[in-house]
Amino acid sequence: MKRKLFDIARRLLILLLVVWTVVSLVTILIELVPGDPATAILGDQATPEALAQFRQKHGLDRPSFFFSYTADEEGGPRRFRWNGADNRYVDYWRGILHGDMGNSFRTDRPVRELILSRYGATLQLAVAALLVAVAIAVPLGVVAGTNRGNLLDNALSVVALVGISLPSFVVGPLLIYVFAVWLGWLDPSGRFGWSSIILPAVTLGAALSALLTRMVRSSVIEEMSEDYVRTARAKGLNERTVVYKHVLKNGLIPVVTVLGLQLGVLLAGAIITEKIFNWPGVGLLLVEEGINKRDYRVVQGCVLVISVTYILANTLTDLLYRRLDPRIRVS
Amino acid sequence: MNRLAYFGLVFIVLLVLVALFAPWIATHDVGAIDLLARYKGPSAEHWLGTDATGRDVFSRVVFGARISLQVGLVVVVVSAVVGTIIGALAGYYGGWIDRVVSGYVVNVFLAFPGLLLAIALVAFLGAGLGKLILALCVIGWVGYARVMRGQVLKVREYDFVQAARALGARDWRILLFHVLPNAVQPLIVQASLGMAGAVLSEASLSFLGLGVPPPAPSWGVMLEEARDLATLQRAPHAMLAPGIAIALTVLAFNFLGDGLREYLDPRQRKR
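Protein chains in written order, with the working numbering: chain A, 1 to 331; chain B, 332 to 602.
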């Protein structure tokens with residue numbers, strides 16, 4: 001019991017450390033922008049007053065960190081200066097803790113609002129991709145695992161390896177070409193009816209389904225040699241029941257972990273898929289409103305939200321995994 | 332090694348030759364726009380047709396191999412050297428270095444989607460080949476550090492390392508001549524898979540407009556330029572050619588990496 005508590009505390013500590021790092025990174029990255037964000041947004045023609053006003057509005061006129069190493073206003077030599085807690089790093093943290101991610105440099109709308117209006121679409125896409133991947137991988141993995149070593153298994157293994165190597169920006173345009181341009185069955189992009197999620201979900205889930213197929217296969221092979229399978233067969237159960245009732249139940253435990261870890265990967269991968277299909281999620285917001293328009297506040301917010309979602313998904317999976325398989329809890 | 336690994340190796344050798352001799356293999360100037368020859372299908376003049384501005388797709392795919400392999404090679408070499416050194420120090424000395432590297436840094440990197448970190452870095456630094464390479468190295472070295480640390484922990488307890496130490500060999504000598512040669516196999520596997528990852532990441536970032544700037548014939552850029560509906564309708568080959576090139580390259584490095592891992596680790600051969 002004591003050990004379990006210690007373990008959970010350790011995980012929480014790592015979680016906090018990681019979140020702290022991500023927020024710090026996102027805050028400090030804006031200092032890497034070549035030149036000055038105000039000039040990047042307002043252009044070279046902007047008056048000094050406009051620039052100063054912009055900086056003041058977004059807190060860019062304040063010192064960036066606890067200490068600085070710059071020349072003073074008179075242009076003297078560079079020297080260290082202690083700024084205390086009155087700096088942008090603390091500002092950003094204070095905002096985050098109040099659920100405020102600043103306002104967009106371009107539209108002045110709160111970044112939190114922009115992201116919340118897109119978050120559902122991204123989550124929907126990631127979950128749909130997960131379902132697609134499972135629906136493809138479980139039957140194929142079982143077929144490959146129960147036919148171990150023969151032609152069907154080898155063929156499926158090659159297909160899976162090819163699938164893992166196919167990036168979404170190759171799969172996506174290919175699917176658009178076949179199903180939207182050539183056959184004309186589905187919309188090439190956007191989010192309109194229920195059918196418009198099919199192509200993005202398949203694109204995003206394709207690589208995962210290939211990975212999962214391999215996992216289910218090796219998991220099934222491993223479980224098939226267990227004693228309980230022999231027992232089940234000995235008491236006269238048919239092969240179908242043995243595989244689907246007994247083997248699959250145990251064999252899917254490691255697969256569940258991968259699923260949880262991959263949910264995070266899907267969220268990150270959704271950036272590219274959303275761009276291909278013009279799917280209005282956080283990824284599209286990041287690329288089109290943030291990076292393309294150099295709206296650094298939006299970039300900060302999107303990177304932060306995607307990473308924290310990813311981290312939470314991973315931690316939850318880990319805890320879930322422990323519940324599913326008692327053997328892990330003991331060791 | 333298995334047959335797929337040989338396929339990978341042969342393809343990679345071919346690709347390297349193509350990249351080295353690109354100016355002699357390409358049939359057209361990669362940047363030459365010919366508005367009278369837009370959306371042309373494959374023909375004797377244009378082996379893989381032309382794209383939306385009449386540029387020769389075959390020549391661009393050939394030169395694209397250069398960009399992909401260059402980025403991949405630089406990223407793999409830099410990340411491998413940095414990662415190996417850090418991993419070796421962490422594994423050999425333990426103590427606070429190890430606590431920082433394997434306790435904190437690796438945990439943070441594992442908890443963070445690599446591609447997102449690269450996207451964020453380039454988004455703030457600005458697009459460009461050098462910054463792209465830098466971003467990919469920042470996310471790439473951790474894998475090597477982990478592999479190297481694990482190997483060093485194993486190898487440093489071997490008798491010949493103890494013997495070397497007893498003979499008074501210095502730490503750097505032990506690491507370089509005794510530990511490293513015994514840790515090199517998993518590093519090669521990691522490098523092969525890392526090459527696939529780097530090629531893929533370069534294409535991803537270029538596709539998002541964060542990598543090599545557009546006129547350059549990066550496969551990712553070519554895909555991005557050929558995926559609008561007008562081009563898909565009239566010249567699907569402009570999208571297919573770079574897509575197949577990326578897929579085959581990534582596949583080849585993955586096959587090679589998987590094959591090498593199986594070959595070098597006999598315990599895995601059965602499965």
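We put the CB at the ideal spot given by N, CA and C, even for glycine.
Remember, predicted model here, so these are calculated numbers, not experimental data.
Cβ proximity to chain A below 8 angstroms picks out Ala527, Leu531, Ala534 and Ser535 from the stretch 506-536 of chain B. Per DSSP, reduced to three states, the secondary structure at Asp589/B is helical.
Residues of chain B with a Cβ closer than 8 angstroms to the Cβ of Gly264/A are, in chain order, Pro444.
With contact defined as three or more Cβ pairs closer than 8 angstroms, the stretch 401-408 of chain B and the stretch 442-450 of chain B are not in contact. Taken in chain order, the members of the stretch 25-55 of chain A whose beta-carbon sits within less than 8 angstroms of a beta-carbon on chain B are Leu25, Val26, Leu29, Ile30, Leu32, Val33 and Pro34.
By the beta-carbon neighbour count (other beta carbons within 10 angstroms, threshold 16), Phe584/B is buried.
One Cα belongs to Ser307/A, the other to Leu17/A, and the distance between them is close to 13 angstroms. Scanning chain B for C-beta atoms nearer than 9 angstroms to the C-beta of Leu166/A yields Gly574, Ile577, Ala578, Val581 and Leu582, reported in chain order. Phe80/A sits in a strand when the DSSP states are folded into three classes.
Taking the C-beta atoms as reference points, Gly414/B is found nearer than 8 angstroms to Gly474/B.
Closest by C-alpha distance to Met570/B, out of Leu582/B, Ala578/B, Glu556/B and Leu531/B, is Glu556/B. Beta bridge pairing from DSSP links Pro110/A with Asn103/A. With respect to the 8 angstroms criterion, Ile276/A and Arg558/B are classified as neighbours on the basis of their beta carbons. In the displayed model, Thr381/B falls within a strand according to three-state DSSP. Look at the stretch 422-438 of chain B: the residues with a C-beta under 8 angstroms from a C-beta of chain A are Tyr435 and Asn438.
Sorting Ser523/B, Lys371/B and Val439/B by C-alpha distance to the C-alpha of Val581/B places Ser523/B at the top. Between the alpha carbons of Leu208/A and Phe389/B lies a gap of roughly 31 angstroms. Taking a contact as a CB-CB distance under 8 angstroms, the pair Tyr119/A and Val282/A counts as one, their CB atoms being some 6 angstroms apart.
With distances taken between CA atoms, Leu463/B lies nearest to Ser549/B out of Glu593/B, Trp355/B, Val341/B and Ser549/B. Fully contained in the stretch 119-180 of chain A are the following alpha helix (DSSP H) runs of length 4 or more, in chain order: 151-165 and 168-175.
A residue is called buried when at least 16 other Cβ atoms come within 10 angstroms of its Cβ; Thr27/A meets this threshold and is buried. Under the three-state reduction of DSSP output, Asp295/A falls in the coil class, being neither helix nor strand. Interface criterion met: the Cβ of Lys275/A is under 8 angstroms from a Cβ in chain B. Within the stretch 547-574 of chain B, those residues whose Cβ lies closer than 8 angstroms to any Cβ of chain A are, in chain order, Gly551, Leu554, Glu555, Ala557, Arg558, Leu560, Leu563, Gln564, Pro567, Met570, Leu571 and Gly574. For the 8 angstroms CB-CB criterion, Gly574/B and Leu174/A form a contact. For Val243/A, the CB contacts under 7 angstroms within the same chain, skipping 5 residues up- and downstream, are Val142 and Thr146 in chain order.
According to the DSSP secondary-structure assignment, Phe67/A is paired through a beta bridge with Trp82/A. What Leu463/B touches in chain A, judged by beta-carbon distance under 9 angstroms, is nothing: the nearest beta carbon there is about 13 angstroms away. Any Cβ of chain A closer than 8 angstroms to the Cβ of Asn585/B would place that residue at the interface, and such an atom is present. Between the stretch 79-93 of chain A and the stretch 224-234 of chain A, the count of C-beta pairs closer than 8 angstroms stays below three; the two stretches do not touch. For Ser104/A, no Cβ of chain B is located within less than 8 angstroms of the residue's own Cβ.
The CB of Phe455/B comes closer than 8 angstroms to the CB of Leu29, Ile30, Leu32, Val33, Tyr296 and Val299 in chain A, given here in chain order.
In the three-state scheme derived from DSSP, where H, G and I count as helix and E and B as strand, Asp36/A is classed as coil.
Annotated three-state conformation of Asp387/B is strand, per DSSP. Linking Arg477/B to Thr257/A through their CA atoms gives a straight-line distance of about 21 angstroms. Going by beta carbons, Asp318/A and Arg11/A fall inside the 8 angstroms limit.
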